[in-house]
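Chemist: Have a look at the structure that comes next, please.
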Amino acid sequence: MLKFLRRLAGHVVRGLVMIWIVTTFTFVLVRLMPGDPVQTQYETLLSKGMSPDQAKAQVAVTYGFVPHGSFWSQYGHYLWQLLHFDLGRSVRAQGVSVTTEVLSTAKWTIGLVLAGTLLSFLFGVVLGVVAAMRRNSHLGNGLSIVGSLLHGVPQYVMALILVTFLTVKFKLFSTGPVDGLLEPGFNGPYIASIVAHAVLPAVAFALSSFGGYLLSMKSSVVSVLGDDFILASELRGIRPSIIFRYVARNAILPLFTVLALSLGFMVGGAVFIENAFNYPGMGAMLVASIGQRDYSEMSGAFLLITMAVIIANICADMLYTVIDPRVRRGEGA
Amino acid sequence: MTAATEPSTVDGASTGPGVRISDLTVAYRTPAGELPAVSGINLELAPGSITGLVGESGSGKSTMALAMLNAVQQPGRITGGVIEIDGLGDVLSLSPKQIRAARGGSIGYVFQAAQNSLNPLKTVGKQLLDLGRSHGVEDKRALVRQAKELLSRMGLSGERVLDSYQHELSGGMRQRVGIMLALVLNAHVLVLDEPTTALDMISQANILSIIKDVHAEHGLTTLVVTHDIGVVAEVADRVAVMYGGRLVEQGPTVDVLRAPSHPYTRGLITAIPRLTGDPDVAQPLPGRPPTLGTIPRQGCVFRERCAVYAAGAREDCETVDPPAYDIGAERLVACHVVEEER
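Note that the protein sequences, when read in sequence, are chains A and B.
Its first residue numbered 1, the first sequence is counted upward by one per residue in the UniProt record's numbering.
Its first residue numbered 1, the second sequence is counted upward by one per residue in the UniProt record's numbering.
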């Protein structure tokens, strides 16, 4: 247990360092962008009739740093605000803080991504096992082919197909917007709303990504089936149901990495699906903020995506120490 | 090892059951059709004996070992023969349920040391319990006690080993765990496939002496499959030599090693380097062992590498598959020339 905590602490420290590095990059990148958004906004405000001091203050609030201070004082100011979870103000939605904006869209995205990923993982793994067990039959081959095909269909195509058929042609699902008055959380109306609005996006998500899990699981199972200890277990007369569990547990190990990584990446990766379904998630917000050159929102979104990937990585790593004894012994930092 | 702690005993005899393999043929499906990897094997394992089965890689000896448990792997298939074990009957005609009970229950199989014969994600103890559950063992405590006794008999701390994962055990330790798992349910036929391959010399000697001791104490009938004549010389009462899927010679170990009859056995023994004297005395056998596709369909399988055949080609070597000639003193040799010159 102590080892586990030490390992976890090491991961958290490394994660924080990585987050710091990424935020620094974002900070520098914003000022390397052509057209200098800070200067642009400053000048826009000036041309609207603000005094230089007022404009300066406004820009400082928006971006979370002092536009005309030295690089280092700006950087220090930015980090200080970051430590207080202050990402500045949104340019797009005047007066709303980026933190609020990002977190409120993230809630929707996390619901979608979690449902979609777990759905595709579940289907992919189960069908992958079937495909591996029946790999010399039509069923197994068929599953592999379907998996490869769906894996090859881009998310937005899948999303458009579903939208066309299920909302426009057959009107099984509504196309209306989510009620903005709902309070996100564990309450009935919110969950009902999530379900009503997230089913199609989640299904689109699952359909276009379960193929990858299916193929990985299939090859993993086939490789474990060829391992010596499976034959050895058979020769010891171990019951088939127990051998099946041996195979499944060993085969699923490498898939957890893929699962954790995709959970991290999908916070930002659902852009196409959210757009196609008019879903108020991070992806849609990111697209809108890029369209309107809302840099503070963009960097806030990037920060969250970065953190999601890093946290997912840490979770995957810690998960391994629980499920794989070989990792458990390999001492962490 | 007291009889009281044992969950069950096959027949209560102090020597193991006899095993009679007759006319065993195993074929592998290949693009070129079904090719025999083992053909027409006749071999008797006397109750309580240790038999060494030697041969080069690809001679069919591992296939034969798997056939003992009716566990030949795809694309292989046992196409004929009978493997009769006292108290069990013909292994090849058991139902799937019966054969699963026999594996581990009556016949123990020990994998090559270098192979990972344990589930990497479970401790040895948990796998022991899986084994017990698979064989309907009611008394888990007795099973664990039996396992600990076996392990400590082999010089390991039962407590520690049962709590260990495979990666925490050395090759020699894994091998002893393999032997424990093969015997813990009181199997009286033990098949060891390359038990010392990939072990260092000290561990090899250790494992061999353990095999001999356990064999004697448990009253087993043991088959040791190996490519190492040294192993056979060390543990086996009888030796059977395999080449190209056939038994070319068998007999008491001492006699066969001291005075090999079959040209192949002679070649094998002269190929062993000596520890003392001139290393060049060792003569490698010329040529390569046949593969499935290159085993001659007709005549003696060894003739292409045979010194006797090379010295003077004989017609029957090319046309007639030599049967196992009885040359006396419990020795069988599958060679026309040896039979004729006797």
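No residue lacks a Cβ here, since even glycine has one placed at the ideal position from N, Cα and C.
#1: According to DSSP, is S203(B) helix, strand or coil?
#2: Taking D228(A) as part of the alpha helix (DSSP H), name the residues at either end of that continuous run.
#3: Relative to the C-alpha of E159(B), which candidate in V137(B), L128(B), G172(B), V189(B) has its C-alpha closest?
#4: Opposite L190(B) in the DSSP bridges: which residues?
#5: Check S51(A) in the structure and name its three-state DSSP category.
#6: Within this structure, are the beta carbons of L35(B) and G293(B) separated by less than 9 Å?
#7: Could you list which residues in chain A have their beta carbon closer than 7 Å to that of D130(B), in chain order?
#8: Report the option in A101(B), R153(B), I107(B), N116(B) whose CA atom is closest to the CA atom of R133(B).
#9: Which of helix, strand or coil does DSSP assign to T196(B)?
#10: Return no unless some Cβ of chain A is closer than 9 Å to the Cβ of P120(B).
#11: Excluding the 5 residues preceding and the 5 following P323(B) in the sequence, name in chain order all residues of the same chain whose CB lies nearer than 7 Å to its CB.
#12: Please state whether the Cβ-Cβ distance between N116(B) and Y246(A) is less than 9 Å.
#13: Just to check my reading of the structure: G60(B) and A32(B) have Cβ atoms closer than 8 Å, yes? What is that Cβ distance to the nearest angstrom?
#14: Which of the three DSSP states is assigned to residue 352(B) in this structure?
#15: Could you pull the start and end residues of the alpha helix (DSSP H) that E274(A) belongs to?
#16: Helix, strand or coil for M307(A)? Go by DSSP, reduced to three states.
#17: Going along the chain, which residues of its own chain have a beta-carbon closer than 7 Å to the beta-carbon of I50(B), five neighbours each way excluded?
#18: I need the straight-line Cα distance from G52(B) to A27(B), nearest angstrom please.
#19: Taking T123(B) as the reference, which of R258(B), I295(B), Q166(B) has the closest Cα?
#20: I need the DSSP call for L94(B), collapsed to helix, strand or coil.
#21: Residues of chain D with a CB under 9 Å from the CB of P254(A): which are they?
#22: Count the C-beta pairs between the stretch 95–110 of chain B and the stretch 219–239 of chain A that are closer than 8 Å, then say yes if the count reaches three, no if not.
#23: Thinking C-alpha only, which one of D213(B), G108(B), T319(B) is nearest P17(B)?
#24: When you compare only the Cα positions, how much space is there between E6(B) and L94(B)?
#25: Please tell me whether L200(A) and H151(A) are closer than 9 Å, where the distance is taken between their beta carbons.
#26: At which residues does the alpha helix (DSSP H) containing M64(B) begin and terminate?
#27: Assuming G264(A) contacts A301(A) under a Cβ cut-off of 8 Å, what Cβ separation, rounded to an integer in Å, is found between them?
#28: Are the C-beta of L286(A) and some C-beta of chain B separated by less than 9 Å?
#29: In chain order, what residues of the stretch 67–81 of chain B put their CB closer than 8 Å to some CB of chain A?
#30: Identify, in the order they occur along the chain, each residue of the same chain with its Cβ nearer than 7 Å to the Cβ of D281(B), setting aside the five sequence neighbours on each side.
#31: Residues in the same chain with beta-carbon distance under 7 Å from A115(A), minus the five sequence neighbours each way, listed in chain order, please.
#32: Can A159(A) and F277(A) be called in contact, C-beta distance under 9 Å?
#33: Does S134(B) get closer than 9 Å to chain A when you measure Cβ to Cβ?
#34: What number of angstroms, rounded off, separates the C-alpha of V96(A) from the C-alpha of W72(A)?
#35: Using the Cβ count rule (16 or more neighbours within 10 Å means buried), how would you classify Q74(B)?
#36: Which class does M154(B) belong to by DSSP, given the choice of helix, strand or coil?
Modeler: Reading off the structure:
#1: helix
#2: 228–235
#3: L128(B)
#4: G108(B), T222(B)
#5: coil
#6: yes
#7: I238, I242
#8: A101(B)
#9: coil
#10: yes
#11: A334
#12: no
#13: G60(B) to A32(B), Cβ: 17 Å. No contact.
#14: In the structure displayed, chain B extends from 1 to 342; residue 352(B) sits before or after that span and is not available.
#15: 271–277
#16: helix
#17: H215, T222, V224, V235, A236, D237
#18: 23 Å
#19: Q166(B)
#20: coil
#21: Absence of chain D from the displayed structure is noted, the protein chains being A and B.
#22: yes
#23: G108(B)
#24: Confidence at E6(B) is low in this model, with a pLDDT of 38, below 50, so the placement of that residue is unreliable and no value is reported for it.
#25: no
#26: 61–67
#27: Going by Cβ atoms, the distance from G264(A) to A301(A) rounds to 14 Å, so no, they are not a contact pair.
#28: no
#29: L69, A71, Q73
#30: One point to set straight first is that residue 281(B) is Val, not Asp, in the sequence displayed. Within the same chain, V281(B) has close Cβ partners R274.
#31: A198, A202
#32: yes
#33: yes
#34: 27 Å
#35: exposed
#36: coil
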